[in-house]
Amino acid sequence: MEVLNSPPNALINYPNDGLLSESGDLIGFDSSGSGDWDLSCLELPNNGSNLFCNNILNLSDDLVSILWISDKLTNPIGSDWNFETRLPAGNHNISLILNDGYVEVVSNSINIIVVESAPLLILNSPSPNAVVQSNSPVLFDFRNSFDPDGDNFTVSIFSDLMGHILQNKSIDYWYNDYLIAGNHHLTITLKDSNLMQRIYYQDILVQETAPFAEITNLTNGQYIPPGQIVELDSSNSYDYDDDIVLYQWSLNDGTIIGNKEIEMVNFNPGVIQINLMVQDSRGAQDFTSVNLTIGSSYPTLEELIISIDSIKENEATEVYIYVTLNDADGTTKNVNGEVINGGVSQAFTFRDDGKGSDHVSDDNIWTYRTNWEVSDGNWVRVEVWAIDGDSVSQSQIEIIPILKQGNSNSLDWAFKAGLPMLSLLMITFALLGLVYVNNRRIQISKDLELIESWSGFDPRELDQEFDGENNN
Ligand SMILES: [Ca+2]
Ligand SMILES: [Ca+2]
Ligand SMILES: [Ca+2]
Ligand SMILES: [Ca+2]
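Residue numbers for the sequence shown follow our numbering, beginning at 142 and rising by one.
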C-alpha cells in the first residue's frame, strides 16, 4: 500500500493584514498553524508548540524549507517559524512559502505599510541609572545608533542639572565629559536629516569626590637661599565639585604655618617638610608635601659708629655705639663688644629690640649706650662681633684716643706708635688665633647670658639706668 506524502500548511498568524508600521519598529513574524505532518515536532522550536507537526515521529521524513518574502525586497525577510525584524519604508505584500521537497505551498499574502522613522539610539555607555564619580569623565558611546532609513542624523544630550552636555554630535566618535555631582535626568535626542526625531530619557547619578592637594612652583629637595621668602601656593589644588573650603599649611612637628591659599613664609635654616591639606565642603581631605632645604648664612658686621672721636681723661662721657648686622637667615641673636682700656677688658652687649637707646627694633642696627670714664692709658679700643650659633663674625674695631687733661691738643706718642703695632697684632690673631678667639667670644656671650640669668645684674644696666634718667 502506498502512503501519500502530506503537503505543508502555510499560514501567516502575524502580522495582520493592513498593519501600519514605521521603519524603526520591530515587527514580529509568526507562522503558528503552519507546518507539515511529515515533520517531527521534536525537531521544531518549542517541541513544535503551535505548529503543525507529528508527535509520533522521532525523525522528520521531510526537509521543509520556510521563507518569508516581500514583493518590495530582493532578499527574503526571514527563514524561521518565528522572528522579529524591521522592514524598510514602503508598501509591502508579504507571503510565507513552505516547501517539503514535493510541493511548494504559498500562504495568502498580507499587506503592510511601513513609513520612515526617526533614528534609533543604541547607547553602550552609560548604562541606565549608572552611578559614577565626579572626578572621572562619563563615557557617552552611542556609535551603534542607526537610522532605519539610512538618513544622516545627530545626537544631543541634555541634563536638567547642566544644560546641554552634547549638542548635535556625530555617531562617528565616542565622547568623554565630566558631569557635576547630582542626579541627572538626561534627555537624549536623535534627529535625522528629515528632522524626524526620537527622544530617550535616562538617569545618571554623579557622586561628589574628594579634592586634590597640589603645591605649585616648589620641587622636592629644592634649595632656598638664606633669608629668601618662600611662596607657598596651593592654588593649583582642585576639586571636581569646586567645593574646597579649607587650605592648611603645616610643618612635620604639627606647627600650623597658615590657612590661606597662598602664604609667604620666611623659614629658619635647615631641612623642612611642608605639608598641605585641602578639605572640601563634605570634609573629604587630600594631602601633599614637599621637602625644602633652607640655606643658612654667617653674620657680618659693618658701619661701626662710635659717637665720640676722642675721650677726655677722668670725665664721665656719654657714648653711643651703633653697628649694622647682616645675616640673611636672621639667626644671629647676639652682638657683643669689648672695651679695652689700660689693660682692663669689659664686655658688653648690643640690643636691637627697639628699647632704650635702640630706636627701631629688628632693623639690624644694634645699639649700645654707656657712660665711660677712663683714667689710664692713651687709648680705648672697641671691638665688636656677632655670634650666630657656633660661628663668630669678623670683628669691627675702633680706637678712641684719650685726651690727657692739660695736654689735650696733642696725642700721646705711644698711641701713634701703637696703631701699627695693633694692626700687626690683629693680623696675627687672624692667622693663628682665630679659633681661640672665637671660642673665647662664644664663652663671653654665654657668660653674659649667665650673668643675666642671675637677674641681679644686667650688662645693659647702664643703658637702662640712662633710659630711666632720660624718661624722667
Ligand atoms: Ca529616518
Ligand atoms: Ca569635593
Ligand atoms: Ca645665620
Ligand atoms: Ca635697631
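Glycine residues also receive a C-beta, built at the ideal position from the N, C-alpha and C atoms.
For clarity, every value in this text was computed on a predicted model and none was experimentally measured.
| Check | Outcome |
| --- | --- |
| Check: Thr-473 C-beta below 7 angstroms from any heavy atom of ligand 4 | no |
| Cβ contact (3+ pairs, closer than 8 angstroms) linking the segment 402-413 and the segment 366-377 | yes |
| Cβ pair Pro-352, Val-419 closer than 8 angstroms | yes |
| Three or more C-beta pairs below 8 angstroms linking the segment 231-239 and the segment 160-180 | yes |
| Inter-residue spacing [alpha-carbon to alpha-carbon] between Leu-180 and Asn-191 | 13 angstroms |
| DSSP-derived helix/strand/coil call for Gly-189 | helix |
| Exposure label - Asn-270; buried when at least 16 CB within 10 Å | exposed |
| Secondary structure of Lys-587, DSSP reduced to three states | helix |
| Proximity test, Pro-440 beta-carbon vs ligand 3 heavy atom, cut-off 7 angstroms | yes |
| Ser-486 at chain D interface by Cβ criterion, 8 angstroms | As a matter of chain content, chain D is missing from the structure shown, which is built from one protein chain. |
| C-beta atoms of Thr-465 and Asn-505 nearer than 8 angstroms | yes |
| Residues passing the C-beta test against ligand 4 heavy atoms, cut-off 5 angstroms | Asp-493, Asp-499, Val-501, Asp-504 and Ile-506 |
| For Ser-172 and Trp-222, believed in contact at Cβ under 8 angstroms, the rounded distance | 5 angstroms |
| Per-residue DSSP class, three states only, for Leu-392 | strand |
| Cα-Cα separation, Gly-362 to Thr-434 | 6 angstroms |
| Alpha-carbon to alpha-carbon, Ser-586 and Ser-551 | Reliability fails at Ser-551, whose pLDDT of 47 lies under 50, so the model's placement of it is uncertain and the value that follows must be treated cautiously. Those two C-alpha atoms are separated by around 37 angstroms. |
| CB of Asp-212 within 8 angstroms of CB of Asn-187, strictly | no |
| C-alpha distance - Tyr-381 paired with Asp-333, whole-angstrom precision | 35 angstroms |
| One or two residues paired with Gly-323 in a DSSP bridge | Val-347 |
| Through-space distance from Thr-350 to Asp-427, alpha-carbon basis | 11 angstroms |
| Where Arg-510 falls, given that 16 or more other Cβ within 10 Å makes a residue buried | buried |
| Asp-529 beta carbon near ligand 3 (any heavy atom closer than 7 angstroms) | yes |
| Residue range of the unbroken beta strand (DSSP E) whose run includes Asn-252 | 251-256 |
| Residue environment, Gln-584, which counts as buried when at least 16 other CB atoms sit within 10 Å | exposed |
| Asn-407 in three-state terms, based on DSSP | coil |
| beta-carbon Ser-437 near ligand 3 non-hydrogen atom, thresh 7 angstroms | yes |
| Per-residue DSSP class, three states only, for Glu-184 | helix |
| C-alpha gap between Val-256 and Ser-286, whole angstroms | 19 angstroms |
| Residue environment, Pro-217, which counts as buried when at least 16 other CB atoms sit within 10 Å | exposed |
| Spatial neighbours of Phe-408 in its chain, beta-carbon cut-off 8 angstroms, leaving aside the 5 residues before and after | Ile-365, Val-371, Leu-433 and Ile-435 |
| Beta-bridge pairing of Trp-100 - partner residues as DSSP gives them | Residue 100 lies beyond the stretch modelled for the chain, which goes from 142 to 613, so this question has no answer here. |
| Residues near Val-412 in its chain [Cβ-Cβ closer than 6 angstroms; skip 5 each side] | Thr-434 |
| Pro-352 Cβ short of 7 angstroms to ligand 2 heavy atom set | yes |
| Cβ neighbours of Asp-588 in the same chain (closer than 8 angstroms, five flanking residues each side left out) | Ala-488 |
| Per DSSP, cross-strand counterpart(s) of Pro-641 | This structure leaves residue 641 out entirely; the chain is present only between 142 and 613. |
| For Leu-145, three-class secondary structure by DSSP | coil |
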